[in-house]
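K.L.:
Quick one: this structure, given as structure tokens, is what I'll be asking you about.
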Amino acid sequence: MRHLLNALRRPLRRRAILQLANYKPQNPQAAPSPPSLPKPPKKPVSFSLHGESWSDDYNWMSQLSDRVAMRHMDVYMEQEEKYTEAVMSTTDRLQSKLHAEMASRFAADLSTPPLRWGPWLYYRRVEEGMQYSVLCRRLASLNEEFISNKSPSAGFDFTSGKKIEQKLLDYNKEAERFGGYAYEELSEVSPDHRYLAYTMYDKDNDHFKLSVRDLNSGSLCNKPQADRVSSIAWAKNGQALLYAVTDDKKRPFRIYCSMLGSDAEDVMILEEPQENVHLTVRHTKDFQFLTVNLFTTQTSKSCCFFMYSEELAGYYISAINHNVFAHDQQMSIVDVDFCSTHLVLIVRNGRKYELYSLSLPLDSNKVGALLKDFNLQSLPLPDHVAQILPGSNYDFYSSTMRVTVTSPVMPDAVVDYDLLNGKWTIVQQQNLLYERTRVLYGASAAVSSSRKTSISKNICADNAEDDRAWNDLSEYYACEEYDVPSHDGVSVPLTILYSRHKKITRENPGLLHGHGAYGEILDKRWRNELKSLLDRGWVIAYADVRGGGGGGRKWCYDGRRTKKINSVKDYISCAKFLIEREIVGETKLAGWGYSAGGLLVASALNFRPDLFRAAVLKVPFLDPTHTLLLPVLPLTPNDYEEFGYPGDIEDFRAIREFSPYDNILKDAVYPATLVTSSFSTRFGVWESAKWVARLREYTVHDPSRPVLLNLTTDIVEENRYLHCKEAALESAFLIKFVDDQS
22 MRHLLNALRR
32 PLRRRAILQL
42 ANYKPQNPQA
52 APSPPSLPKP
62 PKKPVSFSLH
72 GESWSDDYNW
82 MSQLSDRVAM
92 RHMDVYMEQE
102 EKYTEAVMST
112 TDRLQSKLHA
122 EMASRFAADL
132 STPPLRWGPW
142 LYYRRVEEGM
152 QYSVLCRRLA
162 SLNEEFISNK
172 SPSAGFDFTS
182 GKKIEQKLLD
192 YNKEAERFGG
202 YAYEELSEVS
212 PDHRYLAYTM
222 YDKDNDHFKL
232 SVRDLNSGSL
242 CNKPQADRVS
252 SIAWAKNGQA
262 LLYAVTDDKK
272 RPFRIYCSML
282 GSDAEDVMIL
292 EEPQENVHLT
302 VRHTKDFQFL
312 TVNLFTTQTS
322 KSCCFFMYSE
332 ELAGYYISAI
342 NHNVFAHDQQ
352 MSIVDVDFCS
362 THLVLIVRNG
372 RKYELYSLSL
382 PLDSNKVGAL
392 LKDFNLQSLP
402 LPDHVAQILP
412 GSNYDFYSST
422 MRVTVTSPVM
432 PDAVVDYDLL
442 NGKWTIVQQQ
452 NLLYERTRVL
462 YGASAAVSSS
472 RKTSISKNIC
482 ADNAEDDRAW
492 NDLSEYYACE
502 EYDVPSHDGV
512 SVPLTILYSR
522 HKKITRENPG
532 LLHGHGAYGE
542 ILDKRWRNEL
552 KSLLDRGWVI
562 AYADVRGGGG
572 GGRKWCYDGR
582 RTKKINSVKD
592 YISCAKFLIE
602 REIVGETKLA
612 GWGYSAGGLL
622 VASALNFRPD
632 LFRAAVLKVP
642 FLDPTHTLLL
652 PVLPLTPNDY
662 EEFGYPGDIE
672 DFRAIREFSP
682 YDNILKDAVY
692 PATLVTSSFS
702 TRFGVWESAK
712 WVARLREYTV
722 HDPSRPVLLN
732 LTTDIVEENR
742 YLHCKEAALE
752 SAFLIKFVDD
762 QS
């Protein structure tokens with residue numbers, strides 16, 4: 022609706038310019054009346070548990086099977102949409118400017134870096150004018166030009182007149198099969214390179230559907246075709262496919278085996294009856310063995326040769342139940358990968374991430390010793406690494422290991438390391454300074470404000486000491502780290518990012534990110550859309566609060582269930598630190614949280630609404646009491662382990678303490694808040710709608726601090742244009758209500 026209104030306004034503006042010559046003064050018109058607040062109906066429902074009773078006026082919003090309630094919900098959502106449009110209408114020009122800035126930084130990659138596996142190069146590319154990519158492959162032995170970036174992207178050799186590319190899967194056609202969406206979760210090529218097994222999201226039925234495609238003929242196989250598939254594994258050199266399916270609560274509980282080319286029905290080979298146990302099936306990297314994993318939130322069992330485990334004592338790797346490395350208080354193993362010749366370790370040493378390789382087989386005399394006692398080969402990394410992610414290293418017999426390196430001051434870099442000689446190559450990384458993306462393979466395009474330019478660049482950094490090979494932005498943006506004391510004296514890591522061209526004074530606006538759940542590492546990677554705020558003098562801050570993955574297993578446990586309140590108080594301590602140190606202006610701090618991070622920020626608002634001038638909550642978890650007590654959508658054991666079981670009285674009391682919906686302060690002034698939600702998020706849109714309605718009802722209404730609810734595109738829709746528009750809306754909201762530059 023917003024796009025339509027903007028389109029209608031533009032012709033009127035042009036017509037007004039053309040009529041300036043005939044302009045006649047008119048009587049002044051009254052200013053438009055402020056938009057009216059949406060007022061959803063109240064239908065009180067009473068609850069009681071553990072001797073406590075409470076009422077919920079907006080419980081009806083979650084009654085998905087009640088047609089009358091859903092009609093009311095539709096009307097209410099339309100009111101919210103109109104209210105958001107009216108409040109944000111003064112920022113239309115700012116949103117357009119921000120959108121143009123952000124769009125110019127999103128490189129439209131025409132080809133992903135190909136993955137070499139056996140005789141083939143596998144890669145994805147986007148055809149002009151199409152929304153989704155195409156999965157392709159070429160024979161590596163016949164296409165050295167492709168490796169050196171000389172062959173045509175369309176897959177046709179004009180010199181020989183031969184087609185040199187094979188299209189394996191067109192996701193644009195898959196979108197036609199699945200209601201306009203092409204969202205893939207799993208994709209595995211068989212070890213003989215003949216079949217492709219993959220799962221696509223079926224939006225109408227809310228599950229992932231398994232399909233297998235014959236790569237020789239390009240046609241779909243008659244079987245297996247299964248619904249609710251959560252994991253897959255190849256066996257018997259591609260003759261058999263094993264897959265796990267979920268029950269009606271989305272718990273993987275059965276594993277089936279399907280023989281390709283056979284008319285026999287798929288055979289169930291394992292079923293797990295316990296409701297808290299999940300199953301997964303995988304093949305080893307050399308396809309010689311299968312692993313079946315049974316796990317709960319606290320235990321896991323695997324049948325495999327190399328197993329990465331997490332225990333209360335720390336992190337270690339075990340081989341056939343024997344510890345390879347002893348627990349080290351200083352160095353924590355975050356992730357591992359390996360090939361036939363080397364073991365690669367992603368290690369966190371305090372705040373610093375490091376990448377090591379070890380030759381295989383390991384020295385048997387050192388097995389069980391500390392990691393530092395082994396002959397570790399350090400692989401080069403840039404400064405301020407936020408995370409290292411293993412790539413899709415399918416080829417067990419290749420000595421090249423691919424990882425993605427992220428940083429707050431550097432666009433993500435896809436890097437290949439040759440473990441035999443230690444040389445490294447940046448395969449793909451965007452260079453914002455020259456508005457282009459550099460790639461070793463294929464072609465890429467970057468969009469400037471005035472025109473589109475297709476540019477390719479071959480970068481090979483054989484010299485591991487050449488730091489200039491990284492597209493680092495630290496010359497223009499500063500990254501600083503602090504240790505902030507929390508309420509109980511525990512130090513909380515705080516990272517800040519700001520433009521070197523904008524001095525930090527007590528007037529700087531700031532945005533504080535937080536998540537603190539599921540043991541996940543806070544995402545501090547460079548985000549192109551935040552450059553618009555940085556260049557306007559904003560400070561971007563990241564609080565690694567307890568509950569997240571920034572400090573090991575104990576750090577995670579100290580911010581969950583009955584200790585979840587630690588996460589909230591850590592976040593508040595970081596907010597106070599930014600203001601007291603005059604890194605951010607006293608009235609210019611905003612909070613930002615996604616999903617469980619939305620709960621973190623919203624709960625902090627209840628404790629200290631005076632600390633924040635604004636907040637952005639994206640698909641937030643806001644009503645844990647009712648969601649955990651009477652879930653509308655299936656929850657996982659991880660959700661209960663993270664936030665608590667309401668049936669347990671101690672967990673219940675903790676939930677009631679940190680619940681954003683249950684602790685809104687009456688007659689208080691809250692910051693301006695933009696809540697974005699989607700019907701396809703697992704924390705349903707009704708949570709956001711209920712919280713917004715109650716917040717407006719309980720608190721002091723201040724037009725300069727509005728509470729807005731905006732419906733976003735479905736999270737399964739990978740549409741850069743729409744996501745860019747949403748980011749422009751968020752930034753315009755922050756600038757308008759924090760920095761007053763609209």
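Sequential numbering from 22 applies to the sequence shown in the working numbering.
C-beta atoms are modelled at their ideal positions from N, C-alpha and C, and glycine is treated no differently.
It should be emphasised that the depicted structure is a prediction, and the values quoted were computed from it without experimental measurement.
1. Would you grab the beta carbon distance between isoleucine 586 and phenylalanine 679 for me? Rounded to a whole angstrom, and I think it's under 8 Å.
2. Which residues in the same chain have their Cβ closer than 8 Å to the Cβ of asparagine 342, if we skip the five residues on either side of it in sequence?
3. In the region 233-301, which residue ranges form an unbroken beta strand (DSSP E) of at least 3 residues, counting only runs that do not cross its ends?
4. Just list the residues that DSSP pairs serine 132 with in beta bridges.
5. Which first and last residues belong to the alpha helix (DSSP H) in which isoleucine 676 is found?
6. Between Glu186, Glu149 and Val266, which has its C-alpha nearest alanine 161's C-alpha?
7. Apart from the five residues on each side of it in sequence, which residues of its chain come closer than 6 Å, Cβ to Cβ, to histidine 647?
8. Assuming aspartate 493 and valine 430 are in contact, meaning their beta carbons sit under 8 Å apart, how far apart are those beta carbons, in whole angstroms?
9. Work out the CA separation of leucine 532 and glycine 558 for me, nearest whole Å.
10. Using only CA atoms, which one of Leu400, Tyr682 and Ala611 lies nearest to asparagine 80?
11. If you follow the beta strand (DSSP E) that lysine 188 is part of, which residue opens it and which one closes it?
12. Can you give me the start and stop residues for the beta strand (DSSP E) that glutamate 206 sits inside?
13. Given a cut-off of 9 Å on the beta-carbon distance, is the pair valine 513 and valine 589 in contact?
14. Taking Cβ to Cβ, would you say proline 630 is nearer than 9 Å to alanine 689?
15. Identify which residue in Tyr277, Ser283, Ile290 and His304 has its Cα closest to the Cα of alanine 256.
16. Would you identify the three-state DSSP class for asparagine 529, choosing helix, strand or coil?
17. Where does histidine 722 land, buried or exposed, given buried means 16+ other C-beta within 10 angstroms?
18. Run the CB neighbour count on valine 155, radius 10 Å, all protein chains shown included, and call it buried at 16 or more, exposed below.
19. Could you check the C-alpha separation between leucine 750 and threonine 720 for me, to the nearest Å?
20. Return the chain-ordered list of same chain residues with a C-beta closer than 7 Å to the C-beta of alanine 482, the five sequence neighbours on each side being excluded.
21. Would you mind sorting asparagine 370 into buried or exposed? The rule is 16 or more other CB atoms within 10 Å of its CB.
22. At the level of alpha carbons, what is the spacing between threonine 526 and phenylalanine 598?
23. Could you pull out every residue in the same chain whose Cβ sits closer than 7 Å to the Cβ of glycine 570, ignoring the five residues on either side in sequence?
24. Specify the secondary structure class of valine 822 as computed by DSSP and reduced to three states.
25. In terms of DSSP beta bridges, what is serine 512 paired with?
26. Can you tell me whether lysine 60 is buried or exposed, with buried defined as 16 or more other CB within 10 angstroms of its CB?
27. From arginine 198 to isoleucine 253, what distance separates their C-alpha atoms?
28. Could you have a look at lysine 687 and say whether DSSP puts it in helix, strand or coil?
29. How long is the line joining the alpha carbons of aspartate 761 and histidine 508, rounded to whole angstroms?
30. According to DSSP, is glycine 618 helix, strand or coil?
31. Using 8 Å as the cut-off, can you tell me whether the region 260-269 makes contact with the region 235-242, which would need three or more C-beta pairs spanning the two stretches below that distance?
32. Since glutamate 293 and leucine 311 should fall inside the 8 Å C-beta cutoff, what is the C-beta to C-beta distance between them, to a whole number of angstroms?
33. Which of helix, strand or coil does DSSP assign to leucine 730?
34. Whose C-beta lies closer than 6 Å to the C-beta of tyrosine 104 among residues of the same chain, with five residues either side of it excluded?
35. For glycine 200, I'd like the list of residues in its chain whose CB is within less than 7 Å of its CB, leaving aside the five on either flank, ordered along the chain.
36. Within the continuous alpha helix (DSSP H) that includes arginine 717, where are the two ends?
P.N.:
The structure says:
1. Rounded, the Cβ-Cβ distance is 5 Å, consistent with contact.
2. Its pLDDT being 48, under 50, asparagine 342 is placed unreliably by the model, and the measurement read from it follows with that caveat. Excluding residues within five positions, none has a Cβ falling inside 8 Å.
3. Every beta strand (DSSP E) of 3 residues or more that sits fully in the region 233-301 is shown, in chain order, as 250-256, 261-267, 273-280 and 288-292.
4. According to DSSP, which records beta bridges pairwise, serine 132 is partnered with Arg146.
5. Start and end: 670-679.
6. Considering only alpha carbons, the answer is Glu186.
7. Contacts found: none.
8. With a Cβ gap of about 6 Å, aspartate 493 and valine 430 count as contacting.
9. Approximately 11 Å between the Cα atoms of the pair.
10. Taking only the C-alpha atoms, the option nearest asparagine 80 is Tyr682.
11. Taken as a continuous stretch (DSSP letters only), the beta strand (DSSP E) holding lysine 188 covers 187-191.
12. Here the beta strand (DSSP E) through glutamate 206 covers 205-210.
13. When the beta-carbon positions are compared, valine 513 and valine 589 stay at least 9 Å from each other.
14. Cβ atoms of proline 630 and alanine 689: closer than 9 Å.
15. Of Tyr277, Ser283, Ile290 and His304, the residue nearest in Cα terms is His304.
16. Correct three-state label for asparagine 529: coil.
17. Residue environment: histidine 722 is assigned as exposed (fewer than 16 neighbouring CB atoms within 10 Å of its CB, all protein chains considered).
18. That one is buried.
19. When rounded, the separation of the alpha-carbon atoms in leucine 750 and threonine 720 is 25 Å.
20. Here the model assigns alanine 482 a pLDDT of 37, short of 50, so the residue's position is not dependable, and the following value carries that caveat. Contacts found: Trp445, Thr446, Ile447 and Ala490.
21. The residue is exposed, with fewer than 16 neighbouring Cβ atoms inside 10 Å.
22. Approximately 14 Å, taken between the alpha carbons.
23. Same-chain partners within the cutoff: Gly540, Glu541, Ile542 and Cys577.
24. Residue numbering for the chain in the displayed model covers 22 to 763; residue 822 lies beyond these limits and cannot be assessed.
25. The partner list for serine 512 (beta bridge, DSSP) reads Pro506.
26. Label assigned to lysine 60: exposed.
27. Their Cα atoms are separated by approximately 21 Å.
28. Residue state, collapsed to three classes: coil.
29. Cα to Cα, aspartate 761 sits roughly 32 Å from histidine 508.
30. DSSP places glycine 618 in helix when its eight states are reduced to three.
31. Verdict: no, contact absent.
32. Not a contact, Cβ separation roughly 16 Å.
33. Assigned with DSSP and collapsed to three states, leucine 730 falls in strand.
34. Contacts found: Pro56 and Pro59.
35. The beta carbon of glycine 200 sits closer than 7 Å to the beta carbons of Lys224 and Asp225 from its chain, once the five residues preceding and following it are set aside; these are given in chain order.
36. Its alpha helix (DSSP H) spans residues 706-719.
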